[in-house]
Amino acid sequence: MLALPESVHDEFVDRARDGHPLEICGILGGEYESNGRSEVRSQYAAENVAEHPRTRYRIDPEEQLEIFDRLEDRGEEIVGFYHSHPQGPPHPSETDAADATWPDRSYVIVSLDPVSYTHL
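Quick note: the sequence shown, position 12, residue 12 per our numbering, numbers continuous.
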């Protein structure tokens, strides 16, 4: 289960609106618990460097490492990742599911049609 504060949810919905029609992405920081419950404290926006950013997302590996360092400096852990589906529902695509490779971490998908989200 993922505990997601409304303020963090609002931050990435606002980013999704601002980034439309491209997918936006980022990393969720907070307290990770191996029992399946994690608490999000913050979100770290990342640039989408995918070749086709209207339908895919990719975080640059160097930027990802920089974000991991910031998380560590703040005493946070990697809780999960997020991205948007600007043109459709928050259901994971086959690519989304295949790319969800961090065990026990959440993958949140934000949709703007209507505003909603889901996580893997």
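Glycine is no exception: its CB is placed at the ideal position from the N, C-alpha and C atoms.
State yes or no: is the C-beta of residue i within less than 8 Å of the C-beta of residue j?
i: VAL79; j: SER38; result: yes
i: LEU71; j: VAL40; result: no
i: GLU77; j: TYR32; result: yes
i: GLN43; j: GLU11; result: yes
On the criterion of 16 or more Cβ atoms from any shown chain inside 10 Å, does residue i qualify as buried, or is it exposed?
i: HIS52; result: exposed
i: SER84; result: buried
i: ALA97; result: exposed
i: SER7; result: exposed
i: PRO114; result: exposed
i: ARG105; result: buried
Is residue i helix, strand or coil when you go by DSSP?
i: ARG41; result: strand
i: GLY19; result: helix
i: GLU31; result: strand
i: VAL49; result: coil
Return the Cβ separation of residue i and residue j in integer angstroms, given the expectation that the two are a contact with Cβ distance under 8 Å.
i: CYS25; j: ILE59; result: 6 Å
i: GLU23; j: PRO92; result: Their Cβ separation, rounded to whole angstroms, is 13 Å, which puts GLU23 and PRO92 out of contact at 8 Å.
i: LEU112; j: ARG17; result: 7 Å
i: THR95; j: ARG56; result: 7 Å
(message) Which complete alpha helix (DSSP H) runs does the segment 56–106 hold, if anything under 4 residues is left out?
(response) 61–73, 94–99
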